[in-house]
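As given, the protein sequences belong to chains A and B, one line each in that order. Counting with my numbering, you get residues 1 to 100 for the letters of the first sequence. Counting with my numbering, you get residues 1001 to 1421 for the letters of the second sequence. Ideal Cβ placement from N, Cα and C applies to all residues, glycine included. Since the structure is predicted, the reported quantities are computational estimates derived from the model, not experimental observations.
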Amino acid sequence: MLQIYCPYCQELREEEEFSPSGEAHIARPRDPESLSDEQWGDYLFFRKNPRGLHREMWHHSAGCRRYFNVERDTVSYVIARSYPIGEDPAGAMVEGHDHE
Amino acid sequence: MPTRSRNRYSALSLLKHGLSHHENWQRAWRNPTPKQSYDVVIVGGGGHGLATAYYLAKVHGITNVAVVEKGYLGGGNTGRNTTIIRSNYLWDEAAHLYELSMKLWEGLTQELNFNVMFSQRGVMNLGHTLQDMRDIERRVNANRLNGIDGEVLSTAEIQTKIPLLNCSPDSRYPILGASWQPRGGTARHDAVAWGYARGADALGVDLIQQTEVTGIRRQNGVAVGVETNRGFIGAARIGCVTAGNSGVLAGMAGLRLPLESHPLQALVSEPLKPCLDTVVMSNAVHGYVSQSDKGDLVIGAGIDRYNGYGQRGSLHVVEHTLQAICELFPAFSRVRMNRQWGGIVDTCPDACPIISATSVPGLYFNCGWGTGGFKATPGSGFVFADTLAKGKLHSLAAPFTVDRFHSGALIDEHGAAGVAH
Ligand SMILES: Cc1cc2nc3c(=O)[nH]c(=O)nc-3n(C[C@H](O)[C@H](O)[C@H](O)COP(=O)(O)OP(=O)(O)OC[C@H]3O[C@@H](n4cnc5c(N)ncnc54)[C@H](O)[C@@H]3O)c2cc1C
Ligand SMILES: [Zn+2]
C-alpha cells in the first residue's frame, strides 16, 4: 500500500483514496491533423514504462478530486515527490519524451 | 540431432528407482557454461522462452540454442500465475492462436514425457448484467464459428454445476448466466516450465540460469549477440521473451514497445477437501478461483493500476477480490489464506501479445501477453520458434506485430481478456 502526498490537500493519505492515471507530462499534439500515423500511434500507445524513476499522474478521487503528478521509483515504489499539474521541477525527464 | 540419452519417466522407472530409495534419478537438465556463440539465443527462461527453445530443436532441428535466464527457470510469471487455460477469445486472430495452444496442451504431457497435470475441468465466465450476457452470447457464437467449444449456461445450469456458488437473485452480484468452455481448465505451471526445459536440454539446448542480459550488441545496425553479467554471448538471432521486463530489453537496443508493466497478484488458501471442480471467473467483480489438486483455492486478483516492477502489489487490490469471492461463494468466507504474491505483467493496449521482428535485423520480441499468457505457452513457443527458424513470421503470428500500433489494426480482446487470468 502506497502512501501518497496530495499537494492540494497537503496531506499524506492512503493509496486507496487515489487513482493512478498513467504517465505524466504527455503533451496533447497541437495540430493532430498534421501528425503521421507513426506520430499518432506513438502519442496514443507508446509509454515510457521505465524500470526506475517514473513521472505519473494521480487523481485524488476520494479526496479533493484533483489531478497531480508524482515521481515514483517503479522498483522500490518509493515516492520521491508530488507536485501540482503545471509544475515541472526537473524538466529534463520531460524533454526526453518527444511526442511532437 | 544430438539427442542426449535420457531416462524416460514411466511407472517402470518409478518402480526401479524406488528400489534404490529414489537416490539415483538423473538430473532433469544440465547446467552448462555458455558457449561463445549460438544460432539462436532466447532471453528469458519462462514457459514461453523454454517452449520456443524446445520447438526450435524439436520441429526445426536447430539445437545450437541457448536460453539465458537472469534468475531460475520458471521463476517469473510462469511460476506465479493462476494457471487458467482456455481458448474462447473473440476475434479470429486471437482465437486461432489460443486454439493452437489448446490443441498442443491436449497432447503435451505425452509430448514432453512430463506430467503437466493438464486438467480439462472447464472454465466458466459469469455474466452479471444484461450487457455481460450479450457479450457472452456474442463471444460464444464467435467461438463456435471458429470451431472452438463453448456454451451459454443458464443460472439453473450453473447452480447444478457449482452448488457452492451463490446464484440467488438477491445476491449482491446476481448471476444471469455464463459462458462455458468444457475443454478449458488448468495445468501445473512449474511442470510446464520444467517439462519444456528437460525436453529442450535433451535435444541439446543450453539452459543458462543466473545470467542476466544487460545489453544487445549490434554491428552495423544488426544484432550480433547479448552482453551478460558473465560476458558476451554471440547469436545469429535473438528472441526476447521477457514478459514484464520486455520494455527494458527493447530499450537496450534503442527500441520502444507499447507495453506497461504492472504488478498482478494471486493468492492461495489453506488446503480444503474437494469443493470446486471447475474454474470460475467473473470479469465484473474481478475475481477468479479454482481448486488445485492439493486442495488450496487458487485466487487471482486484478492488476495494480500503477506501473511497477516490484513483484508485489497493494493489499487493497487483493481485499477487493476477496470481497467479491466471498459474495460469490459465501462458504469461503471463513477460509484462511496461506500465501500471496505478485508477478510483473506486460500489458498491451489491445490486450493481445506482440510477436514481432524489429527494426534491428536479427532481433525479435515475443511479449505483451500481460495477464493471460500462461494458456498460450505451447502455441506461443510453437509460432515463435517457427518465426526464429525461418526469419519470417508464422502465419498465426503475423497479425500480432508491433506495427499494428501504427497501422491501427488492433485486435481488441478487452472483452475476452478483461479480467486478469
Ligand atoms: C498473478 C498472475 C496470475 C496469472 N494468471 C494467469 C492465468 O490464470 N492464465 C493465464 O493464461 N495467464 C496468467 N497470467 C499471465 C502469465 O503468467 C504470463 O502471461 C506468462 O506466464 C508469461 O510467460 P513468459 O514465459 O513470457 O514470462 P515469464 O515466465 O515471466 O518469463 C520471463 C523471464 O525472463 C527473465 N528475464 C527478464 N529480464 C531478463 C534479462 N535481462 N536477462 C535474462 N532474463 C531475463 C525473467 O527472470 C523471467 O524468468 C498470470 C500472471 C500473474 C502474474
Ligand atoms: Zn487532494
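Residue i versus residue j - alpha carbon distance
i                            : j                         : result
lysine 1273 (chain B)        : glycine 1295 (chain B)    : 6 Å
cysteine 1326 (chain B)      : serine 1333 (chain B)     : 5 Å
proline 1002 (chain B)       : isoleucine 1216 (chain B) : Confidence is the limiting factor: at proline 1002 (chain B) the pLDDT is only 46, short of 50, which leaves the residue's position unreliable and the question unanswerable from this model.
alanine 1423 (chain B)       : valine 1335 (chain B)     : With chain B covering 1001 to 1421 only, the question about residue 1423 (chain B) has no answer from this structure.
glycine 1076 (chain B)       : glycine 1177 (chain B)    : 35 Å
proline 1032 (chain B)       : alanine 1200 (chain B)    : 13 Å
glutamate 11 (chain A)       : glutamate 1319 (chain B)  : 24 Å
alanine 1357 (chain B)       : isoleucine 1299 (chain B) : 35 Å
methionine 1 (chain A)       : leucine 1100 (chain B)    : 40 Å
arginine 1188 (chain B)      : threonine 1371 (chain B)  : 17 Å
histidine 97 (chain A)       : lysine 1392 (chain B)     : Any reading at histidine 97 (chain A) must be qualified, since the residue scores a pLDDT of 36, below 50, and its modelled position is unreliable; the value itself is stated next. Roughly 32 Å between the two C-alpha positions.
isoleucine 85 (chain A)      : valine 1043 (chain B)     : 39 Å
histidine 99 (chain A)       : glutamine 39 (chain A)    : Low confidence applies to histidine 99 (chain A): its pLDDT is 32, below 50, so where it sits in the model is not reliable, and the reading given next is rough at best. Straight-line Cα distance between these residues: approximately 7 Å.
methionine 93 (chain A)      : asparagine 69 (chain A)   : At methionine 93 (chain A) the pLDDT is 49, less than 50, meaning the model places this residue with poor confidence; the figure from the coordinates comes in the next sentence. Approximately 13 Å, taken between the alpha carbons.
phenylalanine 1118 (chain B) : aspartate 31 (chain A)    : 53 Å
tyrosine 1009 (chain B)      : glutamine 1219 (chain B)  : 45 Å
arginine 1144 (chain B)      : proline 1182 (chain B)    : 13 Å
phenylalanine 46 (chain A)   : valine 1205 (chain B)     : 35 Å
glycine 1147 (chain B)       : glycine 1018 (chain B)    : 45 Å
phenylalanine 1329 (chain B) : serine 1290 (chain B)     : 12 Å
glutamate 1157 (chain B)     : serine 1087 (chain B)     : 22 Å
glutamine 1340 (chain B)     : lysine 1016 (chain B)     : 38 Å
proline 1378 (chain B)       : histidine 1394 (chain B)  : 14 Å
alanine 62 (chain A)         : glutamate 56 (chain A)    : 18 Å
aspartate 1132 (chain B)     : glutamine 1311 (chain B)  : 31 Å
leucine 1112 (chain B)       : tyrosine 1054 (chain B)   : 10 Å
alanine 1389 (chain B)       : threonine 1129 (chain B)  : 47 Å
Beta-carbon neighbours of residue i, restricted to chain A and to distances below 9 Å
i                        : result
glutamate 1151 (chain B) : Correct list: empty, because the minimum Cβ distance to chain A is about 35 Å.
histidine 1316 (chain B) : Met1, Glu14, Glu15, Glu16
Pick from the options that is closest to residue i, judged by C-alpha positions
i                         : options                                    : result
leucine 1249 (chain B)    : B:Phe1365, B:Pro1182, B:Arg1183            : B:Phe1365
alanine 1142 (chain B)    : B:Leu1012, B:Asp1206, B:Val1226, B:Trp1091 : B:Trp1091
serine 1407 (chain B)     : A:Asp73, A:Ser36, A:Arg51, A:Tyr67         : A:Ser36
alanine 1397 (chain B)    : B:Ile1355, B:Tyr1089, B:Leu1112            : B:Ile1355
threonine 1214 (chain B)  : B:Asp1206, B:Leu1203, B:Thr1228            : B:Thr1228
valine 1241 (chain B)     : B:Ile1136, B:Ser1380, B:Trp1029            : B:Ser1380
proline 972 (chain B)     : B:Thr1321, B:Thr1377, B:Ala1243, B:Ala1236 : Nothing can be reported for residue 972 (chain B): it is not among the residues displayed for chain B, which extend from 1001 to 1421.
glycine 1047 (chain B)    : B:Thr1083, B:Val1268, B:Ser1359            : B:Thr1083
tryptophan 1029 (chain B) : B:Gly1310, B:Ala1094, B:Arg1198            : B:Arg1198
alanine 1202 (chain B)    : B:Thr1063, B:Ile1411, B:Asp1346, B:Arg1121 : B:Thr1063
aspartate 1039 (chain B)  : B:Thr1078, B:Glu1260, B:Gly1045, B:Val1226 : B:Val1226
alanine 1193 (chain B)    : B:Gln1340, B:Gly1368, B:Leu1050            : B:Leu1050
leucine 1126 (chain B)    : B:Thr1278, B:His1022, B:Leu1267, B:Gly1221 : B:Thr1278
glycine 44 (chain A)      : A:Gly22, A:Gly52, A:Ala62                  : It is worth fixing the name first, because residue 44 (chain A) is leucine in this sequence and not glycine. Closest by alpha carbon: A:Gly22.
serine 1314 (chain B)     : B:Ser1292, B:Tyr1288, B:Gly1343            : B:Gly1343
leucine 1097 (chain B)    : B:Leu1255, B:Thr1078, B:Glu1151, B:Phe1374 : B:Phe1374
glutamate 71 (chain A)    : A:Cys64, A:Ala80, A:Arg65                  : A:Ala80
glutamine 1209 (chain B)  : B:Asp1403, B:Pro1353, B:Ala1066, B:His1021 : B:Ala1066
Cross-chain neighbours of residue i in chain B, by beta carbon under 7 Å
i                          : result
asparagine 49 (chain A)    : Gly1247, Leu1259, Glu1260, Ser1261, Asn1307
valine 75 (chain A)        : Tyr1309, Gly1310
phenylalanine 68 (chain A) : Correct list: empty, because the minimum Cβ distance to chain B is about 14 Å.
proline 20 (chain A)       : Arg1305, Tyr1306
Contacts of residue i in chain B (Cβ-Cβ under 8 Å)
i                       : result
glutamate 118 (chain A) : One cannot answer for residue 118 (chain A) here, as it falls past the ends of chain A, which runs 1 to 100.
Residues bridged to residue i [DSSP beta-bridge criterion]
i                          : result
glutamate 11 (chain A)     : A:Cys6
proline 1263 (chain B)     : B:Ile1344
phenylalanine 68 (chain A) : A:Trp58, A:Pro84
tryptophan 1180 (chain B)  : B:Met1124, B:Glu1151
aspartate 1206 (chain B)   : B:Ala1066
proline 1271 (chain B)     : B:Asp1296
valine 1213 (chain B)      : B:Thr1228
proline 170 (chain A)      : Not covered by the structure: residue 170 (chain A). The range shown for chain A is 1 to 100.
tyrosine 1038 (chain B)    : B:Ala1235
arginine 1144 (chain B)    : For arginine 1144 (chain B), which the question treats as bridged, DSSP gives no partner whatsoever.
Proximal chain A residues relative to residue i, where beta-carbon distance stays under 8 Å
i                      : result
proline 1349 (chain B) : Leu44, Phe45
Any C-beta of chain D under 9 Å from that of residue i
i                     : result
arginine 72 (chain A) : In summary, chain D is missing from the structure at hand, where the protein chains are A and B.
Chain A contact residues for residue i, given Cβ-Cβ distances below 7 Å
i                       : result
arginine 1080 (chain B) : Correct list: empty, because the minimum Cβ distance to chain A is about 17 Å.
arginine 1256 (chain B) : Phe46
Residues of the region 31-44 of chain A whose Cβ lies closer than 7 Å to any Cβ of chain B, in chain order:
Asp37, Glu38, Gly41
Pull out every residue of the region 1397-1414 of chain B whose Cβ sits closer than 8 Å to any Cβ of chain A, in chain order.
Phe1405, His1406, Ser1407, Gly1408
Going along the region 1116-1146 of chain B in order, which residues come within less than 8 Å of chain A, judged by CB to CB distance?
none
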